[in-house]
Structures are given as structure tokens and as C-alpha cells.
Amino acid sequence: MSLLSHFCRRIRLTGPITIASLMQDVIMDPTHGYYPQAARIGHKGDFITAPELTPVFGEILGAWSLLFWKNAGYSTDISFTELGPGRGTLMRDIIETVGIIGPAFFDRTPKLSANLVEISEQFIGEQEQLLCGSVREPITAQQVFDNANYLSRVGLHKCRFKWYSLLDHVPANQPTVYILNEFLDALPVHQFEKTDDGWVEIMVGVHEKED
9 MSLLSHFCRR
19 IRLTGPITIA
29 SLMQDVIMDP
39 THGYYPQAAR
49 IGHKGDFITA
59 PELTPVFGEI
69 LGAWSLLFWK
79 NAGYSTDISF
89 TELGPGRGTL
99 MRDIIETVGI
109 IGPAFFDRTP
119 KLSANLVEIS
129 EQFIGEQEQL
139 LCGSVREPIT
149 AQQVFDNANY
159 LSRVGLHKCR
169 FKWYSLLDHV
179 PANQPTVYIL
189 NEFLDALPVH
199 QFEKTDDGWV
209 EIMVGVHEKE
219 D
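If you read the sequence shown in the numbering used here, its first letter stands for residue 9, the second for the next number, and so on.
Rendered as C-alpha cells:
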């Protein structure tokens with residue numbers, strides 16, 4: 009069943025749906041969703057982000073994290089949580105910077121950990137390859153959606169990388185730097201229109217003659 013057929017069937021069964029609900033399935037549906045199945049980043053892909061053009065963004069974040077660590081009296085580990093990490097390029101640049109500058113300027117290296125919130129099978133493989141140097145075995149959509157923490161490995165600069173399907177699954181037991189590069193603009197949104205009777209939410213239905 010195509011995504012269009014899925015929407016038509018769903019609307020006929022339950023009635024009109026919100027734009028947010030439509031976007032959620034278009035973006036996240038495990039079988040037909042854009043990010044789980046089709047997203048491509050890079051010069052030959054659908055879009056490109058700053059970390060794919062230059063490592064400067066990641067280097068700045070890495071250097072800032074070290075200053076945070078220093079101001080905390082070196083008393084805490086450094087933990088990162090990135091939502092929608094793409095190919096893993098930004099996280100790589102951050103970890104590389106911390107791993108190199110730490111010993112060079114502070115005569116020590118913080119213990120590193122990183123949580124990646126990701127549901128795309130393709131991106132998971134690219135992230136694991138970039139951050140850990142290899143892919144142990146391909147992660148399936150079933151594993152992603154059935155397990156809170158579906159992958160855990162040690163990679164660059166002895167950083168412990170953990171992959172999660174939802175932010176709710178990421179432990180909140182230590183100070184963490186959250187990274188959401190070009191993430192919020194891809195979230196589903198509700199759309200409203202002001203009418204003579206007040207604000208009403210715009211819904212999506214099926215035109216029976218043209219579906």
C-alpha cells in the first residue's frame with residue numbers, strides 16, 4: 009500500500025486528519041516515510057547542511073564544550089545528545105575537536121559519551137561507519153522501533169555512542185549538551201485559520217472524485 013492509499017483509507021475510516029498528523033507519517037512512516045527510507049544529504053542529495061560544507065561549526069561547539077568542562081572544574085564528563093544527526097558529520101567534528109584539544113590545551117581528556125536520536129536505517133549505518141570506523145551489522149526498522157537503545161559502541165576518542173529512536177528514551181542523569189541542527193524546521197506542525205467564527209484548525213480530507 010502506498011502512502012497516498014494509506015492516507016485515503018485512514019481518512020475514510022476515521023475522518024479528516026490534521027496537517028501535523030499528515031506530516032508525521034510523510035516524514036516518519038517506517039515503510040514509506042522520507043527520513044526512514046529516502047532522505048539523502050550532500051551535494052548530490054536532497055539538501056545540504058553546514059557541517060557537510062566545513063568542520064568549523066563542529067569545531068566551535070567542541071571548543072565551547074571544553075570551556076564548559078573547564079568551568080565546571082573538570083568534575084563532570086561531557087555528554088552530547090543530537091537529534092537528527094544526519095550522516096554523523098557534526099558529531100564527528102565535535103568529538104574530534106574535544107579529543108584533540110583536550111590533551112593539547114588542558115593536559116587531560118574528558119570522558120566522552122554521545123546519544124544519537126535517529127530512526128533512519130540508512131543514516132544509522134552512515135553514522136556508525138563515520139563515528140566507529142565500521143558497521144557491525146545493518147540495523148533494521150524493526151530493531152529501531154522495538155528497542156529503546158538499539159545500538160551502543162565505542163568509537164572516536166573512546167567516546168561511547170548510543171543510538172535511540174526517541175528522545176524520551178535517552179537517560180537524563182548527567183549534564184548534557186543538546187544539539188538540534190536543522191531539526192526543529194522538520195517537525196510536524198498544526199495549521200490554523202482565522203474565520204468569522206474564530207480560529208479553526210485546517211484538516212486534510214479526501215475528494216472522492218479526484219483521489
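Idealized CB from N, CA, C, for every residue including glycine.
In the structure shown, residue 210 falls within a coil segment according to DSSP collapsed to helix, strand and coil. As computed with DSSP, residue 78 is found in no beta bridge at all. Per DSSP, the continuous beta strand (DSSP E) segment holding residue 89 begins and ends at 86-91. Shown here for residue 80: same chain residues with a beta carbon closer than 8 Å to its own, the five before and five after excluded, namely 183 in chain order.
By the CB criterion at 7 Å, residue 126 and residue 171 fall inside the cutoff. Per the C-alpha coordinates, the member of 70, 144, 134, 141 positioned closest to residue 109 is 70.
In the DSSP annotation of this structure, residue 142 is not part of any beta strand (DSSP E), being labelled neither H nor E. Bridge partners of residue 159 according to DSSP: 171. Taking a contact as a CB-CB distance under 8 Å, the pair residue 59 and residue 97 counts as one, their CB atoms being some 4 Å apart. The residues 156, 157, in chain order, have a CB closer than 7 Å to that of residue 177 in the same chain once the five nearest residues on each side in sequence are set aside.
Taken atom to atom, the span from the alpha-carbon of residue 129 to that of residue 99 is near 18 Å.
Between the C-alpha atoms of residue 160 and residue 113 there is a straight-line separation of about 30 Å. In the DSSP annotation of this structure, the continuous segment of the alpha helix (DSSP H) that includes residue 113 starts and ends at 97-114.
With fewer than 16 neighbouring CB atoms inside 10 Å of its own CB, residue 208 falls in the exposed class.
By alpha-carbon distance to residue 39, the top candidate from 167, 84, 137, 148 is 148. One alpha carbon belongs to residue 31, the other to residue 10, and they sit about 15 Å apart. An exposed status is given to residue 180, since fewer than 16 other beta-carbon atoms sit within 10 Å of its beta-carbon. Distances from the CA of residue 64 to each of 133, 49, 102 were compared; the closest alpha carbon is that of 102.
Around the CB of residue 199, fewer than 16 other CB atoms lie within 10 Å, so the residue is classed as exposed.
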